[in-house]
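In the working numbering, the protein residues as written are 28 to 507. The beta carbon of each residue, even a glycine, is placed where N, CA and C say it ideally should be. Predicted model only: the values in this text are computed from it and were never measured. So the structure is just underneath, and the comments pick up after that.
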Amino acid sequence: MFEDAKEPRTLYDKHIDSHTIRELDEHGHVLLYIDRQVANEYTSPQAFSGLREARRKVRRPSATLGVVDHVNPTSPSRTAEVADAGGARQVSYFGQNCAEFGIELFDILDGRQGIEHVVAPEQGFILPGMVIAAGDSHTTTYGALGAFGFGIGTSEIEHLLATQTLVYKKLKAMRVVVDGALAPAVTSKDVIMALIGRIGASGASGYAIEFCGSAIDAMSVEARMTICNMAVEAGARGAFMAPDDKVYAYLADKPRAPKGEMWTRALAQWRELYSDPGAHFDRVVTLDAGELGPMVTWGTSPDQVVSIDGSVPDPQKEPDLLKRGDMQRALRYMALEPGTRLDTVPITHAFIGSCTNSRIEDLRSAAKVLRGRKVAGHVRAMIVPGSTLVKRQAEEEGLAQQFIDAGFEWRQSGCSMCLAMNDDVLAPGDRCASSTNRNFEGRQGAGARTHLMSPAMVAAAAIAGRLADVREDDRADLED
């Protein structure tokens, strides 16, 4: 797969070098071949319209998977109807585009439907060594499988569909080493939130991150997806993890993974996917997994985060005036006072879902906390599986009934309340414990307040009716 080279190369170098068609200038721009892409109804309409106006075709329709995920309703009794007129037009136009350009579509009622970053891996559409681009920033998720995924804009989507290539400028390489053992109740979500808090929301801008270390090695593939998914919240345009036997086992039974002799040949190539000893990284960051606790955001950026046993920070103690101003604005929006213990902040809503934390392992960890307990009376709690297949598996395992018994609404798959582009929207002043990836102002609804955390932490908060420390639960060995 990768050509010989004298200099040791990073995993990122190997991906880009092997997919470079030609260098375009002396500033690092190359014409990059893209193996596959996932299109959704929200970011693709202008791209398809551009193709149609230019009388161009999709170069490789089989390299594209269409998934409806952003605007579709998640009501328990699903139909093909989308009540919002704008959303309905997007879904209808997307279906028309996929049919006209020969692209396979997982529409609202498809048994494989779900969030694109959950659906694509579970179908085996994403394989180690691939370069993937899509109109969604959380395409970084695919790095957990040893692929390189990154988000692109609308004009780039049109170019990609027409040519299967992109003009691309190579990034710098960052290595994040996470060694040590995670304490009980501390999850991969806490690791990535701690990293974002450490380096800042723009700390990885201009970089592709490669994650490694004993703590990463010990994680499941689904837990690794959470980390790669949220790497973009630190500004990274791509995230990597070298594939290992866990990845190969995850892919082995997936519908679109290679089979037979093709699997054997692919496996031999995938085992070459690692950074060479001595490869140069432009920046190295280390985290001690054993020092981390369950994390929760207090502000309106994913880097405004502390451990749940901490307090809301005081902006007056921040020497950087720009950061101080950001903190003051965040506290006004979140209606919080400096010094307030996070585990005393009451909530009105609890939400488990999103491309970050809606996979079967996420649901298992939350169900473990909820078993035999009830959601606080003043809390509306929702759980939205990442895909229809995850939903079905959770029902077969009895998890769905545990959520229902605890007082959670058990809904259909979709992006849902992660970004409030459908019926699942918070009202002004609502405060939500959320397993999502962004806590920007208005992200879950105008005036709504979002606190990011792991699914188990959301479950603990739902029961307590406030932000809560899941470690208070003696069943807190949650990421197993």
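Item	Value
Quick check on G317: does DSSP put it in helix, strand or coil?	helix
Quick check on H144: buried or exposed, where buried means 16 or more other Cβ atoms within 10 Å of its Cβ?	buried
Just to confirm the assignment: which complete alpha helix (DSSP H) runs, minimum length 4, are found wholly within the region 59-110?	72-80
Whole angstroms is fine: what's the gap from I387's alpha carbon to F75's?	34 angstroms
Thinking just about the alpha-carbon of each residue, which of G456, K196, L222 and F378 is nearest to the one in C255?	L222
Distance cutoff 8 angstroms, beta carbons only. Does F75 sit that close to anything in chain D?	Here there is only one protein chain, and chain D is not present.
Verify whether the separation of the beta carbon atoms of A487 and V396 is less than 8 angstroms.	yes
By alpha-carbon positions, which one of F308, L426 and I410 ends up nearest to R36?	F308
Would a C-beta distance cut-off of 8 angstroms place M157 and R63 closer than the cut-off?	yes
When the Cα of T91 is compared with those of V65, R407 and S443, which residue comes out closest?	V65
Taking 7 angstroms as the limit between beta carbons, can you name the residues of its chain near R264, skipping five residues before and five after?	F177, L198 and A235
Indicate the three-state DSSP secondary structure (helix, strand or coil) for L193 in the structure shown.	strand
Which residues bound the alpha helix (DSSP H) around H42?	L38 to H46
What is the rounded straight-line gap between the Cα of Q471 and the Cα of G380?	12 angstroms
DSSP three-state label for Y360, please.	helix
Within its chain, find whatever has a CB closer than 8 angstroms to the CB of P304; leave out the 5 residues flanking it on each side and keep chain order.	P35
What residues are listed by DSSP as bridge partners for V248?	DSSP lists no partner for V248.
Quick check on H46: buried or exposed, where buried means 16 or more other Cβ atoms within 10 Å of its Cβ?	buried
Is the beta carbon of V406 sitting closer than 8 angstroms to the one on R438?	no
In chain order, what residues of the same chain lie with their CB nearer than 6 angstroms to the CB of I219, ignoring the 5 residues before and after it?	I254 and M257
Buried or exposed: where does Q123 fall if 16 or more other Cβ atoms within 10 Å of its Cβ makes it buried?	exposed
Per the DSSP calculation, C239 is bridged to which residue(s)?	V204
On a Cα-Cα basis, can you pick out the residue from D206, D353, C125 and A460 that is closest to A403?	A460
Do I48 and Y39 count as a contact pair if the criterion is CB distance below 8 angstroms?	no
Our contact map puts R476 next to M322 with C-beta atoms below 8 angstroms; I'd like the distance itself, whole angstroms only.	At roughly 17 angstroms, the Cβ-Cβ gap does not stay under 8 angstroms, so R476 and M322 are not in contact.
So, at 8 angstroms on beta carbons, what are the nonlocal neighbours of Q420 in its own chain, with the 5 sequence-adjacent residues on each side left out?	I387
From the DSSP output, in three-state form, read off T291 for me.	helix
Just curious, the alpha helix (DSSP H) that R458 is in, first and last residue?	Where R458 is concerned, there is no enclosing alpha helix (DSSP H), although the beta strand (DSSP E) it sits in stretches over R458 to S461.
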